[in-house]
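Worksheet: the structure to be examined is printed underneath.
2 protein chains.
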Amino acid sequence: MKEISIQDLSEMGRVQRLNLINSCTGYKSANLIATQSLDGINNVAIFSSVTHLGSDPALIGLIVRPTTVPRDTYKNIKETGYFTVNHVTENMIADAHHTSANYESNISEFDKTNLQEEYKENIKIPFTKGSPVQLYCKYVSEYYIKENDTIHVIASIEKLYYNEELANEDGWLQIDKGNVVALNGLDAYCLPKLIDRFQYARKDKPTESFPK
Amino acid sequence: MKEISIQDLSEMGRVQRLNLINSCTGYKSANLIATQSLDGINNVAIFSSVTHLGSDPALIGLIVRPTTVPRDTYKNIKETGYFTVNHVTENMIADAHHTSANYESNISEFDKTNLQEEYKENIKIPFTKGSPVQLYCKYVSEYYIKENDTIHVIASIEKLYYNEELANEDGWLQIDKGNVVALNGLDAYCLPKLIDRFQYARKDKPTESFPK
Numbered sequence: 001m002k003e004i005s006i007q008d009l010s011e012m013g014r015v016q017r018l019n020l021i022n023s024c025t026g027y028k029s030a031n032l033i034a035t036q037s038l039d040g041i042n043n044v045a046i047f048s049s050v051t052h053l054g055s056d057p058a059l060i061g062l063i064v065r066p067t068t069v070p071r072d073t074y075k076n077i078k079e080t081g082y083f084t085v086n087h088v089t090e091n092m093i094a095d096a097h098h099t100s101a102n103y104e105s106n107i108s109e110f111d112k113t114n115l116q117e118e119y120k121e122n123i124k125i126p127f128t129k130g131s132p133v134q135l136y137c138k139y140v141s142e143y144y145i146k147e148n149d150t151i152h153v154i155a156s157i158e159k160l161y162y163n164e165e166l167a168n169e170d171g172w173l174q175i176d177k178g179n180v181v182a183l184n185g186l187d188a189y190c191l192p193k194l195i196d197r198f199q200y201a202r203k204d205k206p207t208e209s210f211p212k
Numbered sequence: 213m214k215e216i217s218i219q220d221l222s223e224m225g226r227v228q229r230l231n232l233i234n235s236c237t238g239y240k241s242a243n244l245i246a247t248q249s250l251d252g253i254n255n256v257a258i259f260s261s262v263t264h265l266g267s268d269p270a271l272i273g274l275i276v277r278p279t280t281v282p283r284d285t286y287k288n289i290k291e292t293g294y295f296t297v298n299h300v301t302e303n304m305i306a307d308a309h310h311t312s313a314n315y316e317s318n319i320s321e322f323d324k325t326n327l328q329e330e331y332k333e334n335i336k337i338p339f340t341k342g343s344p345v346q347l348y349c350k351y352v353s354e355y356y357i358k359e360n361d362t363i364h365v366i367a368s369i370e371k372l373y374y375n376e377e378l379a380n381e382d383g384w385l386q387i388d389k390g391n392v393v394a395l396n397g398l399d400a401y402c403l404p405k406l407i408d409r410f411q412y413a414r415k416d417k418p419t420e421s422f423p424k
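Right, dumping it as structure tokens:
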């Protein structure tokens, strides 16, 4: 095993460290966050920091760095209070990645990619067409993380849309059925396939699979 | 598409909601967090909430709920200041899942599974043998998330170990080469494979793959 100390990290080049540290915590979710500015310009941006926070109430978290791209997302969330989270599928990866390019605020990434807006009844903010899981989220609060000048945004899930082919009768969404991808680091897109699903773990009992 | 409102969620059974909301944000990292109590008892527990926070300084975050399992992990981190993060591989999934069983604090999950401790020079806390990426982390601070009574623990990466077969010359670790798994929801383990890695996105230029 190669060993890297905190001293080695501090002496490493910026890009090398960025690649290493972004890939060392494991797979990350790949989501397109869509927002709308107050003057009606849509924005869509790839995020790998959307995480589950709790199910009752249904809350998610995401990390934003206000001083760097994609800053429009955070600005729009703060101004309108809402955003959508859309799963990235295998056939969207090149377009999803392109949303990380540094476009001006008056340009919609929907106009610069093959990603298409999808609108739902009574919701102004667009979703991404073809995403098999889509969340309509409301800004709840934020925590400033002083250690590295980032913001942990907390949001509630107000509405949830999913392709019924993914749904299990106990509520679980089997997302590999929708060809949903995961991120390995900043820029590598991976396609996961289910190995096994296990029942609730009980002490001194062997791990058991769910009946297929 | 099936539509679920916040009202539907509040009326849903607890397990149904737990399964749905845990699987609706996308894939999650699968990590074994190992800790040691002040009286020397090891603990290892599966976590899906370890996330990248920043690369300079190298920081990670994880979400803990102090009132539920795995509470020993949080207690040990607070008492000793350190923990290790170990990637879960395909052949470890049944044992990794079993660490979520509710064992008493005086029992080490290493004794109840085939997971094996691995010790490194000058580090008291164990790692998990066979994990192709292992992080030695130091508690830095925490943020109490009042919206759902959870704690966002912030930690620095003090040392990083990886299997050199995963490493790319620009620092990126290609973790599918180590058969690292991802989680879909609470209990479903998935094996991702790389589709493509893309170069830095530039406006009005097509997405380009990294040279293979």
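Top line first, the protein sequences correspond to chains A and B. Residues 1 to 212 (the working numbering) make up the first sequence, in order. Residues 213 to 424 (the working numbering) make up the second sequence, in order. Beta carbons: idealized from backbone N, C-alpha and C, even for Gly. These numbers come from a predicted model, not from an experiment.
Any chain A beta carbon closer than 8 Å to residue i
{"i": "D284(B)", "result": "no"}
{"i": "N360(B)", "result": "yes"}
{"i": "L244(B)", "result": "no"}
{"i": "T292(B)", "result": "no"}
{"i": "M304(B)", "result": "no"}
{"i": "N375(B)", "result": "yes"}
{"i": "K336(B)", "result": "no"}
{"i": "E215(B)", "result": "yes"}
{"i": "Q386(B)", "result": "yes"}
{"i": "Y204(B)", "result": "Because chain B in this structure spans residues 213 to 424, residue 204(B) falls outside the shown range and cannot be described."}
{"i": "D268(B)", "result": "yes"}
{"i": "A257(B)", "result": "no"}
{"i": "I233(B)", "result": "yes"}
{"i": "I275(B)", "result": "yes"}
Opposing strand residues paired with residue i [DSSP bridges]
{"i": "A155(A)", "result": "I60(A) and Y139(A)"}
{"i": "N86(A)", "result": "L32(A) and Q134(A)"}
{"i": "L183(A)", "result": "K28(A) and Y189(A)"}
{"i": "I387(B)", "result": "I387(B) pairs with nothing; no bridge assigned."}
{"i": "F127(A)", "result": "E118(A)"}
{"i": "G216(B)", "result": "Note that residue 216(B) is Ile in the sequence shown here, rather than Gly. L160(A), per the DSSP bridge assignment."}
{"i": "R409(B)", "result": "A188(A)"}
Closer than 7 Å: residue i CB and nearest the ligand SAH heavy atom
{"i": "H364(B)", "result": "Because no ligand of any kind appears in the structure shown, any question about the ligand SAH cannot be addressed here."}
Residue i classed as buried or exposed, judged by whether at least 16 other C-beta atoms fall within 10 angstroms
{"i": "I335(B)", "result": "exposed"}
{"i": "G178(A)", "result": "buried"}
{"i": "P404(B)", "result": "buried"}
{"i": "E321(B)", "result": "buried"}
{"i": "D399(B)", "result": "buried"}
{"i": "K371(B)", "result": "buried"}
{"i": "S261(B)", "result": "buried"}
{"i": "G54(A)", "result": "buried"}
{"i": "L271(B)", "result": "buried"}
{"i": "G171(A)", "result": "buried"}
{"i": "S312(B)", "result": "buried"}
Beta carbon proximity, residue i to chain B, threshold 8 Å
{"i": "D111(A)", "result": "no"}
{"i": "T51(A)", "result": "yes"}
{"i": "Q16(A)", "result": "yes"}
{"i": "A167(A)", "result": "yes"}
{"i": "L194(A)", "result": "yes"}
{"i": "E11(A)", "result": "no"}
{"i": "L135(A)", "result": "yes"}
{"i": "D39(A)", "result": "no"}
{"i": "E142(A)", "result": "no"}
{"i": "F198(A)", "result": "yes"}
{"i": "Y27(A)", "result": "yes"}
{"i": "L115(A)", "result": "no"}
{"i": "T207(A)", "result": "yes"}
Selected residue, minimal CA-CA separation from residue i, among the options
{"i": "N114(A)", "options": "M92(A), P126(A) and S37(A)", "result": "M92(A)"}
{"i": "F422(B)", "options": "D408(B), K324(B) and D361(B)", "result": "D408(B)"}
{"i": "A167(A)", "options": "N360(B), S320(B), Y374(B) and N231(B)", "result": "N231(B)"}
{"i": "G397(B)", "options": "Q174(A), K2(A), I21(A) and R14(A)", "result": "Q174(A)"}
{"i": "Y412(B)", "options": "H98(A), E117(A), H52(A) and K212(A)", "result": "H98(A)"}
{"i": "L106(A)", "options": "R71(A), K212(A), D204(A) and T207(A)", "result": "In the sequence under discussion, the amino acid at residue 106(A) is Asn, which differs from the Leu named in the question. Here the closest residue by C-alpha is R71(A)."}
{"i": "C24(A)", "options": "T89(A), D39(A) and K2(A)", "result": "K2(A)"}
{"i": "L250(B)", "options": "K415(B), E291(B) and T296(B)", "result": "E291(B)"}
Sequence-distant residues of the same chain with beta carbon closer than 7 Å to residue i, five excluded per side
{"i": "F47(A)", "result": "N31, I33 and L62"}
{"i": "N42(A)", "result": "A34, Q36, S108, F110, E117 and P126"}
{"i": "N86(A)", "result": "N31, L32, A34, F127, T128, S131 and Q134"}
{"i": "S141(A)", "result": "I154"}
{"i": "P269(B)", "result": "S368"}
Sequence-distant residues of the same chain with beta carbon closer than 8 Å to residue i, five excluded per side
{"i": "R229(B)", "result": "L221"}
{"i": "L406(B)", "result": "Q386 and D388"}
{"i": "Y286(B)", "result": "V276, P278, I363 and V365"}
{"i": "K341(B)", "result": "L327, Q328, E329 and E330"}
{"i": "C190(A)", "result": "Y27, V181, A182, L183 and N184"}
{"i": "Y355(B)", "result": "I363, H364 and I366"}
{"i": "Y315(B)", "result": "E321 and K324"}
{"i": "K350(B)", "result": "G293, Y294, A367, S368 and E370"}
{"i": "T301(B)", "result": "G342, S343, P344, G390, N391, V392 and V393"}
{"i": "T51(A)", "result": "S29, I60, G61 and L62"}
6 Å Cβ shell around residue i - same chain, five flanking residues per side excluded
{"i": "G225(B)", "result": "none"}
{"i": "D307(B)", "result": "T325, N326 and L327"}
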